[in-house]
Amino acid sequence: MRRSQPYRIGNATFFPMLLVNPSRPPEKSFRVGVDGFNMAMRHGTGIATYGRTLTHALRGMGLGVDVVFGMNISKRTSPALREVIFFDSLDDEHVRKPATVFSPRWWTDLADTASGLEAVEIALSGRVEHRGFAQRLPAYDRLLNVPALFRAAARHYRNHKRFLTFKVADPPDVMHWTYPLPIRMLGAKNIYTIHDLVPLRLPYTTLDDKGMHFRLIRDIVTNADLICTVSEASARDIAAFFGDSAGKLFNTYQALMPDRQAPARTEAQIGAQLGGLYDLRPDGYFLFFGSLEPKKNIGRIIEAFLATPTSRRLVIVGSRAWKAEHELRFLQRGVKARRVKQFDYLPQAELTTLIRGARAVLFPSLSEGFGLPVLEALSLGTPVLTSGEGALPEVVGDAACFADAYDSDSIARGIARLDTDDEYCARLRESGPIRAEKFTMPAYQERLSALYARALS
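Just so it is clear: in the sequence shown, position 133 is 1008 by the numbering used here, and no numbers are missing.
Okay, structure coming up:
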């Protein structure tokens, strides 16, 4: 070990006492690891978006970025084949079936877990055509993989109530887990993002094992070097359940990845796309996008919309998730009446077109750790109907129409106002982008800088 040179994070300079990896190239004196737990999914999640945005923010700050995946790529696989399997896994979301108990692979997995898992690098040479994955790949300096890391960690924690540890050659200074995972990287400061405590605050809206989830968050509070969260509302919820977390909590909020194509599309192009692809006209529909689950309040949204005498349609973009049967009890009625259209999934560019053309985005959620959909709508100048639950008031400020999330009549009144009051909608279209400026990428990077400085202090 030797004393390191000063290094910068954002606009601040830091003087660490020791440099643990003296062979590290000086231009990469500070690096952050980010997990690919959600980023490997074809259709992604809000947390996958969070992870990708985080990697781009880090690269924009001049930091090195290591992204750790848990795909079914063996340590014994040749480097050339690793690249092939990596993209094959991204495309098909292939998940290897669990090994049969006492089979050779079962013993191998058990031995790997017991001895400590080790990451191998996936070098992208360009031999595999991957331009079609441009929107799904994170920003990175190194892509690393630990075979079946996340499944092995879940099994290890379930069986032994301990976090799984693994090694990386030349580890990053900080490992930033984007989700509550029972894993630690050796040789790094381990930071865990806890987006919300919905499984504990609204236990009836999720399928999680509540006892297991409670223990996992409690153990993260104990083991984490720091806990990152994305709103003051989430920070309060975490502290309320786990009082000893207060000294480790740090709110960074979130940011949007700029869509470079969106501003270039003219109103005429938006109209042509809406008509040609979806049989819709600009300003002729309300929009909801997100998973169709109880927390999103989709049942009351549909009920309130159908009770509103509007000639506009409701467009729903999202796939059915857990406990959706009761939430979607009126969906088919709306579809048959040609008042509701539903799409399971749309690429980001097409979703952006729908947001821009909507009369308003409807998002009166029961709880949100942050509420990225409302920020997307605000940034594009689309009016938003939301609720006062969770972090939503922090995100929208006074730039949205509010309704009581638990009252269908209140939601219906909000829809009716947005449907009929052109002047009100015009004010919201003006105030939305101004409010969204609070969550720009530079502001996010400044908060991340403070987070990592605190972790390393």
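We treat Cβ as the ideally placed atom computed from N, Cα and C, and that holds for glycine. Predicted model, so just to flag it, every value in this text is computed and none were measured.
(request) Assign A1027 to one of three DSSP states: helix, strand, or coil. (result) helix
(message) Between which two residues does the beta strand (DSSP E) holding V1096 run?
(response) Under the DSSP assignment, V1096 falls outside any beta strand (DSSP E), being part of the alpha helix (DSSP H) whose first and last residues are 1085 to 1098.
(request) Report the three-state DSSP secondary structure of Y1319 (helix, strand or coil). (result) helix
(request) Pick out whichever of P1248, D1296, E1269, L1241 has its Cα sitting closest to the Cα of Y1079. (result) When only C-alpha atoms are compared, the closest one is L1241.
(request) Note down the Cα distance separating Y1128 from E1251, rounded to an integer number of angstroms. (result) Distance between the alpha carbons of Y1128 and E1251 is about 14 Å.
(request) Output the boundary residues of the alpha helix (DSSP H) element that contains Y865. (result) Outside the shown range of the chain, which is 876 to 1332, sits residue 865, and nothing can be said about it.
(request) Go ahead and pull the three-state DSSP assignment for K1333. (result) Absent from the structure is residue 1333, since the part of the chain shown begins at 876 and ends at 1332.
(message) By the three-class DSSP mapping on this structure, what secondary structure does S978 have?
(response) coil
(request) Specify whether the region 919 to 936 and the region 1291 to 1309 touch according to this definition: at least 3 beta carbon pairs, one from each stretch, less than 8 Å apart. (result) At 8 Å Cβ cutoff, the stretches do not touch.
(request) Please state whether DSSP places A1224 in a helix, a strand or coil. (result) Note: A1224 maps to helix in three-state DSSP.
(request) Keeping to the same chain, check which residues put their C-beta closer than 7 Å to that of F1205; ignore five residues upstream and five downstream. (result) I1177, E1178, L1181
(message) Among R1302, S978, L1221, V1003, whose alpha-carbon lies nearest the alpha-carbon of L1253?
(response) R1302
(request) Report the residue from E1202, A1274, K1170, F1238 whose alpha carbon sits nearest the alpha carbon of T1081. (result) K1170
(request) Return helix, strand or coil for K859, following the three-state DSSP convention. (result) The structure shown has nothing for residue 859, since the chain only spans 876 to 1332.
(request) For K1313, collect the residues of the same chain with a Cβ closer than 6 Å to its Cβ; drop the 5 residues on either side in sequence, then sort them by chain order. (result) Closer than 6 Å at Cβ, skipping near neighbours: no residue.
(message) Rounding to the nearest angstrom, what Cα-Cα distance links A1278 and R1175 in this structure?
(response) 11 Å
(message) Please give me, in chain order, every unbroken run of the beta strand (DSSP E) with length at least 3 that falls completely inside the region 1269 to 1322.
(response) As summarised for the region 1269 to 1322, the continuous beta strand (DSSP E) elements at least 3 residues long and confined to that stretch are 1276 to 1278, given in chain order.
(message) Using only CA atoms, which one of L999, E1225, V1021 lies nearest to G1150?
(response) Ranked by how close their Cα comes to the Cα of G1150, the residues L999, E1225, V1021 have E1225 in first place.
(message) Quick check: A1275 and T1257, are their CB atoms within less than 7 Å of each other?
(response) No, the Cβ-Cβ distance between A1275 and T1257 is not below 7 Å.
(request) Could you tell me the distance, in whole angstroms, from the CA atom of G1232 to the CA atom of G1165? (result) G1232 and G1165: Cα-Cα distance of roughly 17 Å.
(request) Alpha carbon to alpha carbon, how far is D1154 from Y1160? Give it in angstroms, no decimals. (result) 11 Å
(message) Quick check on D910: does DSSP put it in helix, strand or coil?
(response) strand
(message) I'd like the span of the alpha helix (DSSP H) that includes L929, first residue to last.
(response) 921 to 935
(request) May I ask which residues mark the beginning and end of the beta strand (DSSP E) holding K950? (result) That residue, K950, is in no beta strand (DSSP E); it is neither H nor E in DSSP.
(request) Count the other C-beta atoms from every protein chain shown that fall within 10 angstroms of the C-beta of S1202, then say buried if there are 16 or more, exposed otherwise. (result) According to the sequence shown, residue 1202 is Glu rather than Ser. So E1202 ends up on the buried side.
(request) Report buried or exposed for R1002, applying the criterion of at least 16 other Cβ atoms within 10 angstroms of its Cβ. (result) exposed
(request) Taking S1000 as the reference, give the member of G1007, V943, L956, G1265 with the closest Cα. (result) L956
(message) Can you give me the C-alpha to C-alpha distance between L1189 and A1130, rounded to a whole angstrom?
(response) Rounded to whole angstroms, L1189 to A1130 spans 27 Å at the Cα level.
(message) Looking at A1212: is its Cβ nearer than 7 Å to the Cβ of G1244?
(response) Against a cut-off of 7 Å, the Cβ pair of G1244 and A1212 comes out as no contact.
(request) Count the other CB atoms, across all protein chains shown, that sit within 10 Å of the CB of V976; report buried if there are 16 or more and exposed otherwise. (result) exposed
(request) Grab me the residues of H1035's own chain with a C-beta within less than 7 Å of its C-beta, minus the 5 sequence neighbours each way, in chain order. (result) Annotation for H1035: no residue places its beta carbon closer than 7 Å to its own, counting only its chain and skipping 5 residues before and after.
(request) Thinking L1255 and L1162 are a contact (beta carbons under 8 Å), I'd like their distance in whole angstroms, please. (result) That belief does not hold up - the Cβ atoms of L1255 and L1162 are roughly 11 Å apart, past 8 Å.
(message) Rounded to whole angstroms, what is the Cα-Cα separation between P1248 and A932?
(response) The alpha-carbon atoms of P1248 and A932 are separated by roughly 19 Å.
(request) Could you check which residue in R1195, S1186, E1200, P1222 has the C-alpha nearest to that of V1215? (result) Closest by C-alpha distance to V1215, out of R1195, S1186, E1200, P1222, is S1186.
(request) Decide yes or no for the touch test of the region 1029 to 1049 against the region 1061 to 1072: beta carbon pairs closer than 8 Å, at least 3 of them. (result) yes
(message) Using CA atoms only, rank isn't needed, just tell me which of V1210, D1219, S1285 is closest to L1237.
(response) S1285
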